[in-house]
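As they're listed, the protein sequences go chains A and B.
Its first residue numbered 7, the first sequence is counted upward by one per residue in the working numbering.
Its first residue numbered 135, the second sequence is counted upward by one per residue in the working numbering.
Heads up, the beta-carbon is just placed ideally off N, CA and C, and yes, glycines get one too.
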Amino acid sequence: DTAVSQTPKYLVTQMGNDKSIKCEQNLGHDTMYWYKQDSKKFLKIMFSYNNKELIINETVPNRFSPKSPDKAHLNLHINSLELGDSAVYFCASSQTGYTGELFFGEGSRLTVL
Amino acid sequence: QKEVEQNSGPLSVPEGAIASLNCTYSDRGSQSFFWYRQYSGKSPELIMFIYSNGDKEDGRFTAQLNKASQYVSLLIRDSQPSDSATYLCAVNRDFGNEKLTFGTGTRLTIIP
Chain A
7 DTAVSQTPKY
17 LVTQMGNDKS
27 IKCEQNLGHD
37 TMYWYKQDSK
47 KFLKIMFSYN
57 NKELIINETV
67 PNRFSPKSPD
77 KAHLNLHINS
87 LELGDSAVYF
97 CASSQTGYTG
107 ELFFGEGSRL
117 TVL
Chain B
135 QKEVEQNSGP
145 LSVPEGAIAS
155 LNCTYSDRGS
165 QSFFWYRQYS
175 GKSPELIMFI
185 YSNGDKEDGR
195 FTAQLNKASQ
205 YVSLLIRDSQ
215 PSDSATYLCA
225 VNRDFGNEKL
235 TFGTGTRLTI
245 IP
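Right under this line is the structure:
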């Protein structure tokens, strides 16, 4: 009964390919996020959606396209993958107005060869 | 200068001792401060948050905030081997989680 689940957990692919990661939360939260964690453990926000509306779009190449079909789902599609895209991508959710907590998914480790 | 700085460690502390983790931030407008714990290969999980200057205690954990010095710390009393993890400091300009800026984390090892 996972609160924030993302699939797949591992992706290994070649440069130039396109890949997608899916995320779902069953916590009833209104805000969902994509974070990228690089090999040095630096965790950086990429996107945030509140009730399906994009509210944060950090300096991310437009090869990355998030999509939120409803407030419980947030997907990430990456076109033309590059070596530097290799990282762990975390989906997270939170409830606006509440203090304290981002709930993270287990992460999706992307390796671009 | 990084927005949120932490000593990457590793920090080694004997079991039962106090572990002290430190974090400085550059944005004077920061309002909310968080400590997340991340076990190897796992996702971050919230340990504590603090908004006001001073200390905030929760069990074996104490968060300390000094906005004038732009400094936040986490103390872990009676350290246990299960506390061995990477501790991520995060700050936000607002009261909430909408745009957390994370540090690179301090790796803590508790030695039995």
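Ile245(B): member of the beta strand (DSSP E) spanning 240 to 245, first to last residue.
The C-beta distance from Ala219(B) to Tyr159(B) rounds to 21 Å, too long to meet the 8 Å contact threshold.
Going by DSSP, Asp189(B) is part of the beta strand (DSSP E) stretching over 188 to 192.
Residue contact with chain B for Ser54(A): present (Cβ-Cβ distance below 9 Å to some residue of chain B).
By the criterion of a C-beta distance shorter than 7 Å, Gly150(B) is surrounded in its chain by Asp212, Ser213, once the five residues flanking it on both sides are discounted. Annotated as distal: Lys28(A) and Asn68(A), with beta-carbon spacing of 9 Å or more. Secondary structure of Leu89(A) (DSSP, three-state): helix.
Under the DSSP assignment, Phe183(B) falls in the beta strand (DSSP E) whose first and last residues are 179 to 184. The C-beta separation of Val138(B) from Leu242(B) comes to about 17 Å, leaving the pair out of contact by the 8 Å criterion.
Under the Cβ criterion of 9 Å, Lys190(B) is not counted among the residues facing chain A.
Partner residues in the beta bridge of Thr37(A), as assigned by DSSP, are Asn56(A), Ser100(A). In the DSSP assignment, Asn81(A) falls within the unbroken beta strand (DSSP E) covering 79 to 84. By the rule that beta-carbons nearer than 9 Å mark a contact, Gly34(A) does not touch chain B. With a contact defined as Cβ atoms closer than 8 Å, Leu209(B) and Ile152(B) qualify at about 6 Å. Asp76(A) carries a strand assignment under DSSP once its states are collapsed to helix, strand and coil. At least one beta carbon of chain A lies nearer than 9 Å to the beta carbon of Thr235(B). Excluding residues up to 5 positions away in sequence, Ser26, Ser71 lie with their Cβ nearer than 6 Å to the Cβ of His83(A) in the same chain. Under the three-state reduction of DSSP, Pro148(B) is assigned to strand. Interface annotation, Thr196(B): not in contact with chain A, CB-CB separation never under 9 Å.
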